[in-house]
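Right, one structure below, let's go through it.
2 protein chains.
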Amino acid sequence: MDDLSQGQGFMLSETARLKERFKEYLASEGLKYTRQRKVIADVFFKEGEGHRSLNELLATAQVEYASMGYATVYRTMKLMTDSGVALEHKFADTGLTLYEPNLEGDHHDHIICLTCGRIVEFEDEGIEERQEVVAKTYGFKVRKHRHEIYADCIKPVCEFRH
Amino acid sequence: MDDLSQGQGFMLSETARLKERFKEYLASEGLKYTRQRKVIADVFFKEGEGHRSLNELLATAQVEYASMGYATVYRTMKLMTDSGVALEHKFADTGLTLYEPNLEGDHHDHIICLTCGRIVEFEDEGIEERQEVVAKTYGFKVRKHRHEIYADCIKPVCEFRH
DNA sequence: CTTCTTGCAAAATTTTTGCATTACA
DNA sequence: TGTAATGCAAAAATTTTGCAAGAAG
C-alpha cells in the first residue's frame, strides 16, 4: 500500500499515469481521444518495451486495429511528444526516430551497442552536474541534452549478438 | 622554431596537415587527388570555418569550380570521414549533416544555442572520465560518443540572435 | 590505356502535409 | 452537427546510387 495515486484507492502504474496525462492533454487542447489514439497509447505504454520506431508501433497497433495508418501513428506520437509523455530519439546509427515513454524521475542517457544494436540506459549524476557547470561557463542555460555512448561489449563475443 | 613537421624545414598548419593526410589516404587506397577533391579540401580546411553542410560546401566550392556537383562533394566528404580527417555531425535541430575538420588532439563536444543556432565547442575531462567508468560498469568499451547540450543564452537577449 | 571520378538524374529513405471522408464529443 | 481525426497518396527533404562520359596516373 505504498502508492495510492489520485486518492482513488487504487494504484496506477507509471505508464498508466502517462496515459492519463496524455488524455488530459488532449482534453485541455480540445482534441479527441479516438479509438486509434487509444490503441496507439496502449501499445506504446505497454510496459517493458523500450525504444520503438513508427513502423514497429504501426505493426503492433494494426494487430488491434487493422486499418491503422502510418500517418495516424506519426501524428499521435507527435502529440505524445508535444505533451511530454514520450521522448523522441534519433540515434546516429539507424537514421530512424525511436520513441520511448517519458517516465517521471527517470532521466537517463543511452549506450548503444555497436555489435548488436542493443540500447542500454544509464544515468550519472556527476556528468549531469558537470554539464550544468560547463554550460554556465559558456554563458548558457541547459534546456535539454543528448548524450550517447557508442560502444562494444567487453565480453569476447557479444552475448546479445544477432 | 617550435613545429618543424615532416623534417621539411617549414611549418604546416593543423589544417594543412589534415589535407596532407587526406592526400596520403587517397594514394594508399589507389584513389586520385582530382581537381575537384583539391577544391573541396581547400574549401573545407580553410581555417576559421566551423560546421558546414554539404550545400554550403558545394556553394563555396562552385565559386572556384563552377561545374562542381553535389554528389562529388557528398562522396568526397565521405572519403574524408572514412580517412578520419573530417567528422560528421547530425544535430537534433537541423536534420542536416554538418562536417567539421578533425583537428588532432582537439576532441570536443557541442553546445547548440536554441536561440540563434550558434554552435559552441566544449571539452570537459571530468565528463570524459566518468563516461569511461559508466560504460565499463555496464560491460562496454567506449568507441565514440555524442554529447550535445541544447541551451539558451543567459543574457537577456541573445547577442547572436539572427 | 586502364581505372577511377564526375555530374546528372533517378532511387531510396524518412518525415511531413493536403484533402476528401469518417467519426468523435 | 460542427470540428477534429483518419487514411491515403502525394510532397518534401535528405541521402545514396547507376551510369555514360571525361579525367587522372
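Protein chains in written order, with my numbering: chain A, -5 to 156; chain B, -5 to 156.
Backbone N, C-alpha and C fix where the C-beta goes; we use that ideal spot for every residue, glycine too.
The C-beta of Arg31/B comes no closer than 7 angstroms to any C-beta of chain A. The Cβ of Leu108/A sits closer than 7 angstroms to at least one Cβ of chain B. A direct Cα-to-Cα measurement between Ala53/A and Ala86/A gives close to 24 angstroms. Across the set Thr28/B, Arg29/B, Ala35/B, the C-alpha of Ala35/B shows the shortest separation from the C-alpha of Arg15/B.
Nearest Cα to Asn96/B within the set Phe116/B, Ile113/B, Thr75/B: Thr75/B. Look at Asp36/B here: in three-state DSSP terms it is helix. Leaving aside the five residues that flank Gly78/B on each side, the residues in its chain whose CB is nearer than 7 angstroms to its CB run, in chain order, Asn96. Taking 7 angstroms as the cut-off, the beta carbon of Ile106/B is found no closer than this to the beta carbon of Tyr59/B. In this structure, DSSP gives Tyr144/A an extended state, which the three-state scheme calls strand. Taking a Cβ-Cβ threshold of 9 angstroms, none of the residues of chain B is close to Gln56/A; the smallest such distance is about 28 angstroms.
Cβ atoms of Asp103/B and Lys135/A stay farther apart than 8 angstroms, at about 17 angstroms. The Cβ neighbour count for Arg29/A, taken over all protein chains shown within 10 Å, is under 16; the residue is labelled exposed.
For Glu142/B, the nearest beta carbon of chain A is closer than 7 angstroms to its own beta carbon. The three-state secondary structure of Glu122/B, taken from DSSP, is helix. Secondary structure at Arg15/A: helix, using DSSP grouped into helix, strand and coil.
Cα atoms of Leu51/B and Glu41/B: separation of roughly 14 angstroms, rounded to the nearest angstrom.
Distances from the CA of Ala21/B to each of Leu81/B, Leu73/B, Val127/B, Tyr64/B were compared; the closest alpha carbon is that of Leu73/B. Between Cys152/B and the set Arg112/B, Val128/B, Lys130/B, Leu48/B, the nearest pair of CA atoms involves Arg112/B. Annotation: Glu98/B to Gly120/B spans about 20 angstroms, alpha carbon to alpha carbon. Here the alpha carbon of Lys138/B sits roughly 25 angstroms from the alpha carbon of Leu108/B. A check of alpha carbon separations from Glu43/A across Glu94/A, Gln125/A, Val67/A, Arg11/A identifies Glu94/A as the nearest. Judged by DSSP in its simplified three-state form, Val136/A adopts strand. Burial state of Thr9/A is buried, judged by a 10 Å Cβ sphere holding 16 or more other Cβ atoms. With contacts defined as CB atoms closer than 7 angstroms, Glu142/B and Arg140/A qualify as a contacting pair.
Beta-bridge partners of Cys107/A (DSSP): Ala145/A. Taking 7 angstroms as the cut-off, the beta carbon of Val33/A is found no closer than this to the beta carbon of Ala65/A.
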